[in-house]
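Here the protein sequences come in this chain order: A and B.
In terms of this note's numbering, the first sequence opens at residue 662 and continues consecutively.
In terms of this note's numbering, the second sequence opens at residue 662 and continues consecutively.
Cβ atoms here follow ideal geometry from the backbone N, Cα and C, with glycine treated the same way.
Following: one structure in structure tokens, then a few remarks.
There are 2 protein chains.
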Amino acid sequence: MKIADIAKEAGVSIGTVDRVLHNRGRVSKETKAKIEKIIKDSGYKPNIIASNLKKNKSIKIGILIPKLSSEGGYWDMIYNGINRAMAEITQFPISTETREFDRTIRGDYLEKGKELINEGIDVLAMAPVVQSEAYQVIASLKDIPYAFFDSSLPEAHPITENLQNSYKAGWCAAKIMNVLNPDASKFVCLQMHSTAYNLQQRAKGFTDYFETKNVDIVNLVWDYKNKKELFLAFFDSVINENPDAAGYFIPNDATSKIAYRLKEKLSDKMPTVIGFDLLEDNKKGLREGVISVLISQQPENQGYNTIREIFQSQLLNQHNTTQKESIPIDIIIKENLPEG
Amino acid sequence: MKIADIAKEAGVSIGTVDRVLHNRGRVSKETKAKIEKIIKDSGYKPNIIASNLKKNKSIKIGILIPKLSSEGGYWDMIYNGINRAMAEITQFPISTETREFDRTIRGDYLEKGKELINEGIDVLAMAPVVQSEAYQVIASLKDIPYAFFDSSLPEAHPITENLQNSYKAGWCAAKIMNVLNPDASKFVCLQMHSTAYNLQQRAKGFTDYFETKNVDIVNLVWDYKNKKELFLAFFDSVINENPDAAGYFIPNDATSKIAYRLKEKLSDKMPTVIGFDLLEDNKKGLREGVISVLISQQPENQGYNTIREIFQSQLLNQHNTTQKESIPIDIIIKENLPEG
DNA sequence: ATTATAATTGTGTACGTTAACGCTTGCTAT
DNA sequence: ATAGCAAGCGTTAACGTACACAATTATAAT
């Protein structure tokens, strides 16, 4: 069934059918109704291939992402996923324009966002990690659609979002910590960025799990604005003050650093260490046994899915109706660590 | 850069360029060389959209899969993934033709496979679970490409395969079993289909893990050809004979049945139960605590990926060069069980 | 030299859709 | 009555590729 068939059946020209299909007006009510009925009854589906060929439209996707090669390579993993998805659809007229922002510089997020908008992007994929500025970027977008990865923003309406339920991830980590140390009565939870919502939620999930259990959770926060060289001294004092802690939960990605320090100081009775993300350092820690468990946010898939869904919605006009699940909480131990 | 541009640059017509592009001969050596150089230098990429429009080719994918609604719904999960992928590409001229076979009927695999071939499929996606017949099907395919899901076949050359490393999965399960029962000295491994290669490998991985540890593994096999109603009596005797078993490893998907029986018989000191696949029954067992851990083969993703890769290679002519990883070993506990 | 034949190369149409453009018809305002 | 105008509809030229067919040129046979 193609437009010409509909036209023939309706006794009109393809131009008229086209106007009805695209709601371009200039068609009488009766004709429109007749054509719409035929379209409905025949189950006509537009040939997206021909459509794209004719329109010859190209979609430019803006990517707003924290500085690559920072934070242990976490964002690079997302970016790899983005590139994998792009590679799969090179055949289609789609391109990306990337801006890396520095989340520690006030206003940088907004600035880079506006740069992208000025570039004339058709859709924006963003990690809304600087909340207040992210809202401003969205406001500036006007009618340009946007998608989230890594995290979300209340009250926003992205075309898709790919992120993990942080609270549940913390809760899950707590369960594992509990199982690995059934008799323990004390664990440490050490956050490195006080402001990040994700990390707060993970810490909360972890703490809440133990609420009804007779277990002491020591919640600590190390502000990333502090001088880096002071960290180890700080951490050593944490170790000294909590000799009875059976495990350390690190809601952010700096797990290996902490794990190796613990190994150094407490080689005899190494506590359980649970952290996040399959960064190279963390994978090494897992392989060498100083980290017991890592929870992966599947950043590669987040990037990949984001692009795929943008592609589906913008180029193929397929808007997903079904509620999608969030990224699963991926439990990684030495034995199921993916190779490479 | 399009064919017309190449033609203009080479001073020939597009027909000649076309012949060079498709190796249809009838072009002089010099002309061919000149055109090939231009193609190479310009980085020309054919417009797959226009190509498909012209060719108007439709790909029919044959699906050879065990009876749906059998084996606890495992194959239905794969089929769901297949359908999800198909839904994403409805815009493209691609269709499926499914044949369900009964793996317990000798010759049925081959028969259903031949039916598909006679249907005139362009590519076959198959679960090569009946090895000898699968080889015959492949031989009958002649030059039709094929893809594997769930399992593989030595010496075959599928365009893609999506499966989990069974040995590694068993090994991983063993590690978890060990961690959950650090002081135990005996575990039971109970297989339900003696012939399935996958299950053998899982059992082997599990057993091998404990080889150097002073742990006793009781390896049992219940042949599925036995009368079903005898199973519980058999299993009760297993329980009685191994009162000191700290855990049960079930390499196949009938985990919940076993777990609930154990609960009935040994409610006071319930052993650890580790099994496979997120079937409804198993998920229930996990939620209710009779199953400790399930390993997921991500069947949904297997089906999804298989179709996607067929689509990429057959319709977009994008043949993946990079070695792909096998399906990850997905560790599922109550706390990270996906909803729904 | 002239055909016959083979080896090259060029031309034209179609794939289904889009959208600019133009044609008709009927109406309003002068 | 007639120009002006808008509503409604039809026509047509692309988009880039594939392939059948026509046309040309080179080579061989007489």
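Beta-bridge annotation (DSSP): methionine 747(B) is not paired with any residue. Residues of chain B with a Cβ closer than 7 Å to the Cβ of proline 989(A) are, in chain order, Asn997, Pro999. Aspartate 702(B) counts as exposed, since fewer than 16 other C-beta atoms from the protein chains shown sit within 10 angstroms of its C-beta. Between serine 987(A) and glutamine 792(A), the gap from beta carbon to beta carbon reaches 8 Å or more.
Two segments are said to touch when three or more pairs of C-beta atoms, one from each, lie closer than 8 Å; by this definition the region 859-878 of chain B touches the region 811-828 of chain B.
In the structure shown, glutamate 780(A) adopts helical secondary structure according to DSSP, grouped into three states. Contact between asparagine 741(A) and glutamate 961(A) holds, with the beta-carbon distance rounding to 6 Å and staying under 8 Å. In this structure leucine 802(A) is in contact with leucine 785(A), their Cβ atoms being roughly 6 Å apart against a cut-off of 8 Å.
For glutamine 825(A), there is no enclosing beta strand (DSSP E), as DSSP marks it with neither H nor E. Threonine 868(A) has its alpha-carbon roughly 43 Å from the corresponding atom of methionine 747(B).
At least one C-beta of chain A is nearer than 8 Å to the C-beta of lysine 836(B).
Taking 7 Å as the upper bound on Cβ-Cβ separation, chain A lies near residues Ile709, Ile710, Ala711, Asn713, Leu714 of the region 709-734 of chain B. Sorting Thr751(B), Trp736(B), Cys850(B) by C-alpha distance to the C-alpha of arginine 760(B) places Trp736(B) at the top.
In this structure, DSSP gives serine 928(A) a helical state, which the three-state scheme calls helix.
Threonine 983(B) sits away from leucine 955(B), with the two beta carbons spaced by 8 Å or more.
The straight-line gap separating the alpha-carbon atoms of isoleucine 778(A) and alanine 795(A) is approximately 13 Å.
Under DSSP, glutamine 979(A) takes part in no beta bridge, so it has no partner. When DSSP states are grouped into helix, strand and coil, aspartate 938(A) belongs to the coil group.
Asparagine 978(B) and valine 899(B) have their C-alpha atoms roughly 54 Å apart. For alanine 808(B), the uninterrupted beta strand (DSSP E) run begins and ends at 807-810, by DSSP. Here the alpha carbon of serine 756(B) sits roughly 20 Å from the alpha carbon of asparagine 981(A). Taking one beta carbon from each stretch, the region 664-681 of chain A and the region 689-701 of chain A have 3 or more pairs nearer than 8 Å; the two touch. Chain-ordered, the chain B residues with CB closer than 7 Å to the CB of cysteine 833(A) read Glu996, Asn997. Residue environment for glycine 686(A): exposed (fewer than 16 other C-beta atoms within 10 angstroms of its C-beta).
Per DSSP, reduced to three states, the secondary structure at valine 879(A) is strand. The C-alpha of methionine 931(B) is placed about 24 Å away from the C-alpha of valine 876(A).
Proline 912(A) and asparagine 684(A) have their C-alpha atoms some 51 Å from each other. With a threshold of 8 Å between beta carbons, isoleucine 782(B) makes no contact with chain A. Residue contact with chain B for isoleucine 992(A): present (Cβ-Cβ distance below 8 Å to some residue of chain B).
Residue environment analysis places arginine 767(A) among the exposed positions, since fewer than 16 neighbouring C-beta atoms fall within 10 angstroms of its C-beta. Note on geometry: alpha-carbon atoms of aspartate 769(A) and isoleucine 805(A) lie some 21 Å from one another.
Spatial neighbours of glutamate 772(A) in its own chain (CB-CB distance under 8 Å, excluding positions within 5 residues in sequence) are listed in chain order as Phe762. Here the C-alpha atom of aspartate 905(B) lies approximately 30 Å from the C-alpha atom of glycine 950(A).
Interface annotation for the region 954-980 of chain A against chain B: Ile956, Arg969, Gln973, Leu977, Asn978, Gln979, criterion Cβ-Cβ distance under 9 Å. Annotation: leucine 851(B) to alanine 834(A) spans about 30 Å, alpha carbon to alpha carbon. With contacts defined by Cβ atoms closer than 8 Å, leucine 725(A) and valine 840(B) do not form a contacting pair.
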